[in-house]
Amino acid sequence: MRPVTASRTTLALLLFAPLAFFAAFFLAPMAVVAISSVTTSDGALTAAHYARVLLDQYHWDVLWVTFRIALATTAICVLVGFPLAWYLVRIVRWRAWRRACVILIIVPLFTSNIVRSFGWMVLLGRTGLVNQGLMGLGLTERPIRFLGTETGILIGLVYILVPFVVLSVGNALAKIDTVYEDASADLGVGPARTFWFVTLPLCLPGAISGAIMVFALAVSAYVTPALLSGGQITVFSMLIFQQYSTVFDFHYGAALSVTLLMLTLVLVSIAGRIGDGGRRTA
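As structure tokens, then:
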């Protein structure tokens with residue numbers, strides 16, 4: 002009986018540690034924010050903070066800009082990341098080159114977003130490498146304004162977040178048995194139709210998982226939009242940061258945070274249902 006008791010104790014400790022960590026560093030802060038969003042500085046319950054957020058057209062305009070940038074970032078990351086994942090998994094046969102490509106994709110993730118965003122500020126400036134290259138190729142006669150525009154923010158976010166799609170889709174593609182594609186070819190189906198009706202449905206859950214990660218990170222991004230917008234464009238995370246760091250209105254900032262979180266969870270749940278449908282179909 003003693004070994005059984007010891008094993009149960011060990012199992013309980015192993016379960017308690019991650020649960021305690023989750024409760025202390027996720028549930029507790031979220032509870033503090035949620036309570037702060039429905040209370041006043043005196044501790045009284047109120048819905049005034051949410052009314053201030055939801056009844057002001059300015060907040061809806063900022064939300065629209067935020068979700069528009071996040072959705073565009075997600076779409077571009079999927080369009081760029083899917084071919085890259087396909088190239089790494091299905092085209093590259095030399096393992097050394099594949100590993101080098103994976104390293105090139107992963108290494109930027111170890112660099113701070115602040116450093117990478119400052120790098121894009123230099124590259125996208127009027128005298129930056131991007132404008133110099135465009136003018137050198139004769140594609141434009143004068144520098145294009147990237148900083149302070151949604152285009153500049155999109156470029157920075159796509160560069161930072163596209164590895165998540167590449168890794169997610171690549172993992173899904175690597176798990177697909179090529180026997181399905183071979184069977185489709187044996188039945189006389191062309192490569193394009195095989196991809197659309199066999200390969201794509203099988204790797205769709207992986208693509209949706211990557212898209213969800215990109216969207217969640219893009220909609221809550223602060224550093225990249227703040228630096229590349231030059232103060233010309235405001236996203237919701239910037240409003241939240243202003244309330245906490247400048248205005249010190251923690252209750253209003255909490256209401257903004259919960260509003261963004263709830264709307265994001267709604268869209269993520271919809272995408273998750275689509276992914277589950279694709280998984281069942283596959």
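Every position in the sequence shown, counted from 1, becomes a number in the working numbering once 1 is added. Built from N, CA and C at the ideal position, the CB exists for glycine as well.
Other residues of its chain near residue i: CB distance less than 6 Å, five sequence neighbours each side excluded
i    : result
L130 : L124
G254 : I241, Q244, Y245
M2   : With a pLDDT of 45 at M2, under the threshold of 50, the modelled position of this residue cannot be trusted, and the question is left open.
V180 : none
Q233 : G149
L85  : V167
R127 : P144
Nearest-angstrom Cβ-Cβ length linking residue i and residue j, presumed shorter than 8 Å
i    : j    : result
T74  : L168 : That belief does not hold up - the Cβ atoms of T74 and L168 are roughly 17 Å apart, past 8 Å.
P164 : I106 : 5 Å
W87  : L174 : 7 Å
V39  : A48  : 7 Å
G82  : G211 : 7 Å
Residues near residue i in its chain [Cβ-Cβ closer than 7 Å; skip 5 each side]
i    : result
T265 : A217, V220
S185 : T195, V199
V54  : H60, A256, L257, T260
N114 : I161, V224, T225
F68  : V220
M239 : Y223, P226, A227
M122 : L148, L228, L229
Cβ-Cβ distance between residue i and residue j below 8 Å
i    : j    : result
F237 : V63  : yes
C78  : V170 : no
I213 : V269 : yes
G134 : L229 : no
E182 : I70  : no
R96  : P109 : no
Cβ neighbours of residue i in the same chain (closer than 8 Å, five flanking residues each side left out)
i    : result
I177 : T200, L203, C204
L89  : R99, C102, V103, V167, G171
R143 : M136
G231 : L148, G149
G302 : Beyond the ends of the chain as shown, which are 2 and 283, falls residue 302; an answer cannot be given.
L46  : V39, T40
L1   : Missing from the structure shown is residue 1; the chain here goes from 2 to 283 and no further.
H50  : S38, V39, H252, Y253, A255, A256
S42  : H252
A52  : none
Beta-bridge partners of residue i, as assigned by DSSP
i   : result
L46 : T40
DSSP state of residue i mapped onto helix, strand, coil
i    : result
T74  : helix
T195 : helix
Q233 : coil
A222 : coil
P144 : coil
L188 : coil
D62  : helix
T128 : coil
W95  : coil
G149 : coil
F169 : In the sequence on display, residue 169 carries Ser and not Phe. The answer is helix: DSSP assigns S169 an H, G or I state.
S258 : helix
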